[in-house]
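Participant:
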Amino acid sequence: MLSSVCTKSPTSDEIFHLVGGYSYWQRHDYRMQPENGVLPQRWGALPLLAMGLNFPPRETPGWQTSDMLKAGQRFLYHEENDADRIVLAARMAMALLTLGTGLVVFLWSRRLFGDLGGLISLALFAFCPTALANGALVTSDMASALAFLTALALAWQLMNRVTLSRTGLTGAALGCLFAAKASGVLILPMLAFLALLRLTWRRPLSLELRKRRRLITGRVPQLCCIVATLVCAGAIAWVTLWAFYGFRYRAFAQPPAPGEVFAEGLTIDSMTSDDAPGRAIRCFRDHRLFPEAYLHGFAFVLKHASGRVSFLHGEYSTEGRAAFFPYCAAVKTPLPIACIILLALCSLGADRFRGRRLPARQLIARLRSSRRAYASAPLWTFLVVYWAVAVGGDLNIGHRHILPVYPFTYILCGAAALWLSHSASRWWTRALWACLILLGLEMVLTWPHYLAYFNQIAGGPSQGYLHLVDSSLDWGQDAPGLKQWIAQEKQRAPQARIHVAFFGTAELDHYGIEAVRLLSGPGLEERETRPWTGGVYCVSATLLRGILTTAPGPWTPEHEKVYGHVIPKLRPTSQEIAENGVSAELPPDEVRRLNNELADYEQLRFARLRAYLLTRRPDDHIGYSILVFRLTEDDLKKALDAPLSTWEQP
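Residues in the sequence shown are numbered from 266 upward in steps of one, following this note's numbering.
(1) What separation, rounded to the nearest whole angstrom, lies between the Cα atoms of ILE722 and GLU754?
(2) Alpha carbon to alpha carbon, how far is LEU372 from ILE891? Give it in angstroms, no decimals.
(3) Should the stretch 447-456 be called in touch with the stretch 465-480, which here means at least 3 C-beta pairs below 8 Å?
(4) Among the residues of its own chain, which have a CB less than 6 Å from the CB of GLY746, if the five just before and after it don't count?
(5) Could you tell me which residues DSSP puts in a beta bridge with GLY379?
(6) Given 8 Å as the limit, is there contact between the stretch 661-671 and the stretch 348-363, that is, 3 or more CB pairs closer than that?
(7) Grab the span of the beta strand (DSSP E) containing ASP854 for me, first residue to last.
(8) Around the Cβ of GLU779, are there at least 16 other Cβ atoms within 10 angstroms (buried) or fewer (exposed)?
(9) From the DSSP output, in three-state form, read off VAL352 for me.
(10) Can the beta-carbon of GLY741 be found less than 9 Å from the beta-carbon of THR770?
(11) I'd like to confirm the pairing. Which residues does DSSP put opposite ALA766 in its beta bridges?
(12) Take every Cβ of the stretch 374-393, pair it with every Cβ of the stretch 320-334, and state whether three or more of those distances are shorter than 8 Å.
(13) CA-CA distance, ALA732 and THR880?
(14) Span of the beta strand (DSSP E) holding ILE887?
(15) According to DSSP, is VAL427 part of a helix, a strand, or is it coil?
(16) Quick one: what's got a C-beta closer than 6 Å to TRP693's C-beta in the same chain, skipping five residues either side?
(17) Using a Cβ-Cβ cut-off of 7 Å (strictly less than) and excluding sequence neighbours within five positions of ARG296, which residues of its own chain qualify?
(18) Quick one: what's VAL470 bridged to in DSSP?
(19) Would you mind sorting SER269 into buried or exposed? The rule is 16 or more other CB atoms within 10 Å of its CB.
(20) Could you check whether the stretch 486-500 touches the stretch 273-292, counting it as contact only if at least three pairs of C-beta atoms, one from each stretch, sit closer than 8 Å?
(21) Between the Cα of ASN399 and the Cα atoms of THR494, PRO305 and LEU701, which residue gives the shortest distance?
(22) In chain order, what residues of the same chain have a beta carbon less than 7 Å from the beta carbon of ARG637, not counting five sequence neighbours either side?
(23) Using the three-state DSSP reduction, which class does PHE576 fall into: helix, strand or coil?
(24) DSSP three-state call for TYR581: helix, strand or coil?
(25) For LEU930 and ALA420, which I take to be in contact (beta-carbon distance under 8 Å), what is that distance rounded to the nearest angstrom?
(26) What are the start and end residues of each continuous alpha helix (DSSP H) run of 4 or more residues lying completely inside the stretch 302-361, in chain order?
(27) Quick one: give me the first and last residue of the beta strand (DSSP E) that ARG650 is part of.
(28) Between the stretch 796-806 and the stretch 752-768, are three or more C-beta pairs nearer than 8 Å?
(29) Please return the same chain residues whose Cβ sits closer than 7 Å to the Cβ of LEU314, not counting the five positions on each side in sequence.
(30) Let's test the definition: count the other Cβ atoms within 10 Å of the Cβ of PRO520 and tell me whether it reaches 16, buried, or not, exposed.
(31) Return the first residue and the last residue of the beta strand (DSSP E) that LEU896 is part of.
(32) Quick check: the stretch 667-683 against the stretch 407-415, are at least 3 beta-carbon pairs closer than 8 Å?
(33) Quick test of your reading: LEU901 and TRP797, contact by CB under 8 Å. State the CB separation rounded to the nearest angstrom.
(34) Return the CA-CA distance between LEU710 and ALA594, expressed in angstroms with no decimal places.
(35) Going by the CB atoms, is the gap between LEU334 and THR280 shorter than 9 Å?
(36) Does the structure place the stretch 643-660 close enough to the stretch 561-575 that three or more beta carbon pairs sit under 8 Å?
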């Protein structure tokens, strides 16, 4: 896991988490990146405290406006810090959380299915490409998975045996879960369902206080005891959450100076509507029941959970699609793991329900008497609730958002070990070992490109850009690979002209990448002035699909109409600026207008270029996330000026 991420640049979100986490420790200021959980950001930045780093001054524009990109890039690349050392140290800290997740997976599975079951579950987690890709990244996904596992395991134990220590541990785990990610609130319906399920199982509840033990048998007394205990645990969770914010309501470390605001100038009032969640957030703010940064981050998540462009197998949408995450799981889960999941399901059926002709009432009675079914209740409760929310939600931007379902699934896969206890299951046992061996070999061959993994159903990693993009494939992780590829290309063809459209927050200058930038920075002073010519075009898969550009989606007749109107008008202006630069005598309003027009020109020109590139097969790839096309001058003229009817259809 660490060996693979050592070859990768910081992914798009890691810079945000690094600058946010470091500001929490150093300045006790919580307004940077509040939407992605204070716990993983603090944890990732913890080893940086001993490195004597320089942090951007409070007067810098990126800090004042909470611009995470500007502040993050300045922190890593423009304050005389060792960016690579910073990222590696933070990733090593995050890898410890992944090791902890693997330990919980093993222990829980071993408790259900024995030592061999625990080892099978651990092997699946250890060779899971999703865990290998995200486990060491400075993001909140693996921290959320570990927090869900721990909180549900402790809460279920508490519902069966109430002690002061279990109440305290459960409360602390719940507080960590809420501090890990906004999705942590999903545990509330899970706990409610588990409490009701606990009552239907008709098992006595052990209450142990001050070395006195009492068995509670009635449903009403059990319900009262469970509710009271969870309320106590909730109070501890509330205190734990406040502790992560230094027991301070204000997100700003001190009264905001002029110009200091949350990112994009957003406020809780501007992000919430008059629906139930919005009213609840404003009520919590008015009464200061939760830290301001926590409420701001939660409101940010709700506001941005919809309306974002997503790509799925050739189709674009700004609304949630029920098929998105099931499709992600179908194409990014290794086939050996899928086979082991089927083996586990079959083994549970063979172990519990050999008598399939029994009436439904007797089958339910068997299930209720099953120790494994009872002990695994938190697992399938989590899977049902989490999958229901994922399928019904609008945030369809990355496979990583369902990362927490994998550890829970792998624990249940330990049931495949039950085949080894059947005397007549020789072929099933061989199939199990064959799947594990094939899985290990496949992951060795995939190294180090685990983020770009796609299974054979999808055509493998080289065909990934046809199915998914963004953090499911291309998250800006291959800047080092791009540098290495360009160096090799220059050795082969020293006069080759390299053009790059890179999706990510890592600065290409840090890696010494010299190329024509197809997409420039926001200001005229950052605009690429070198012309496009025939040569090599390296385009990130996410940008090739138009995600996070001003013209996403397929090229339409409307785009062509605007293109035909804008390009002839602005091309001479662009060429003049490329040759002579921007006149210092232009008034600010004219500079702003010119900058906006040239930005539209650049985006439209790139949109037509990528539409043309999608009609061709890539000539090469870099880490599967950056696609390489070799274009002649005629190809480029065809892409930018020729009628669409002259293009070959993909």
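Glycine is no exception: its CB is placed at the ideal position from the N, C-alpha and C atoms.
Facilitator: To lay it out plainly:
(1) Locating residue 722 in the sequence shown gives position 457, counting from the first residue. Locating residue 754 in the sequence shown gives position 489, counting from the first residue. Going by the C-alpha atoms only, they are around 32 Å apart.
(2) Numbered from its first residue, the sequence shown carries residue 891 at position 626. Numbered from its first residue, the sequence shown carries residue 372 at position 107. Distance between the alpha carbons of ILE891 and LEU372 is about 40 Å.
(3) no
(4) To locate residue 746, count along the sequence shown from 1; it is residue 481. Hits under 6 Å: ILE887 and GLY888.
(5) Stepping through the sequence shown from its first residue, residue 379 is reached at position 114. Beta-bridge pairing links GLY379 to no other residue.
(6) no
(7) What you label residue 854 is simply residue 589 of the sequence shown in a count that begins at 1. Run containing ASP854: none in the beta strand (DSSP E); it sits in the alpha helix (DSSP H), 853-878.
(8) Position 514 of the sequence shown, counting from 1, holds the residue named residue 779. So GLU779 ends up on the exposed side.
(9) The sequence position of residue 352 within the sequence shown is 87, counting from 1. Secondary structure of VAL352 (DSSP, three-state): helix.
(10) Locating residue 741 in the sequence shown gives position 476, where the first residue counts as 1. Locating residue 770 in the sequence shown gives position 505, where the first residue counts as 1. Yes, the Cβ-Cβ distance between GLY741 and THR770 is below 9 Å.
(11) Translated into positions along the sequence shown, residue 766 becomes position 501. According to DSSP, ALA766 bridges with VAL804.
(12) Between the stretch 374-393 and the stretch 320-334 there are fewer than three C-beta pairs closer than 8 Å, too few to call the two in contact.
(13) By 1-based counting over the sequence shown, the position of residue 732 is 467. By 1-based counting over the sequence shown, the position of residue 880 is 615. For the record, residue 732 in the displayed sequence is His; it is not Ala. Distance between the alpha carbons of HIS732 and THR880: 16 Å.
(14) For this step, residue 887 is matched to residue 622 along the sequence shown. Run containing ILE887: 885-887, per the beta strand (DSSP E) assignment.
(15) Mapped onto the sequence shown, residue 427 falls at position 162. Reduced to three states, the DSSP call for VAL427 is strand.
(16) Taking the sequence shown and counting its residues from 1, the one referred to as residue 693 is at position 428. Within the same chain, TRP693 has close Cβ partners TRP684.
(17) As a working note, residue 296 is residue 31 in the sequence shown. Non-local C-beta neighbours of ARG296 in its own chain, meaning closer than 7 Å and more than five positions away in sequence, comprise SER331, ALA516, PHE517, PHE527 and ALA558, ordered along the chain.
(18) Counting from one through the sequence shown, the residue named residue 470 turns up at place 205. In the sequence under discussion, the amino acid at residue 470 is Leu, which differs from the Val named in the question. In the DSSP output, where bridge partners are listed per residue, LEU470 has ILE481.
(19) Taking the sequence shown and counting its residues from 1, the one referred to as residue 269 is at position 4. Buried: at least 16 other Cβ atoms inside 10 Å.
(20) no
(21) Counting from 1 along the sequence shown, the entry for residue 399 is found at position 134. Comparing Cα-Cα distances from ASN399 to each of THR494, PRO305 and LEU701, the minimum goes to PRO305.
(22) Taking the sequence shown and counting its residues from 1, one reaches residue 637 at position 372. Once the five neighbours on either side are set aside, the close Cβ partners of ARG637 are LEU377.
(23) Mapped onto the sequence shown, residue 576 falls at position 311. Three-state result, PHE576: strand.
(24) Locating residue 581 in the sequence shown gives position 316, where the first residue counts as 1. In the structure shown, TYR581 sits in a strand (DSSP, three-state: E or B).
(25) Outside the displayed range of the chain (266 to 915) lies residue 930, so it cannot be described from this structure.
(26) 303-310, 326-329 and 333-342
(27) The residue labelled residue 650 in the question sits at position 385 within the sequence shown. According to the sequence provided, residue 650 is Val. The question's Arg does not apply to it. Premise fails: VAL650 lies in the alpha helix (DSSP H), 642-657, not in any beta strand (DSSP E).
(28) yes
(29) Along the sequence shown, one-based indexing puts residue 314 at 49. Once the five neighbours on either side are set aside, the close Cβ partners of LEU314 are TRP290.
(30) Counting from 1 along the sequence shown, the entry for residue 520 is found at position 255. PRO520 comes out exposed.
(31) Locating residue 896 in the sequence shown gives position 631, where the first residue counts as 1. 891-896 is the extent of the beta strand (DSSP E) around LEU896.
(32) yes
(33) Within the sequence shown, numbered from 1, the residue matching residue 901 stands at position 636. Within the sequence shown, numbered from 1, the residue matching residue 797 stands at position 532. Between TRP797 and LEU901 the Cβ distance is about 6 Å, and since that is below 8 Å, they are a contact.
(34) In the sequence shown, the residue the question calls residue 710 occupies position 445. In the sequence shown, the residue the question calls residue 594 occupies position 329. Straight-line Cα distance between these residues: approximately 20 Å.
(35) As a first step, residue 280 is located in the sequence shown; it is residue number 15 there, counting from the start. As a first step, residue 334 is located in the sequence shown; it is residue number 69 there, counting from the start. Strictly speaking, residue 280 in this sequence is Ile, with Thr absent from that position. Taking 9 Å as the Cβ cut-off, ILE280 and LEU334 qualify as a contacting pair.
(36) yes
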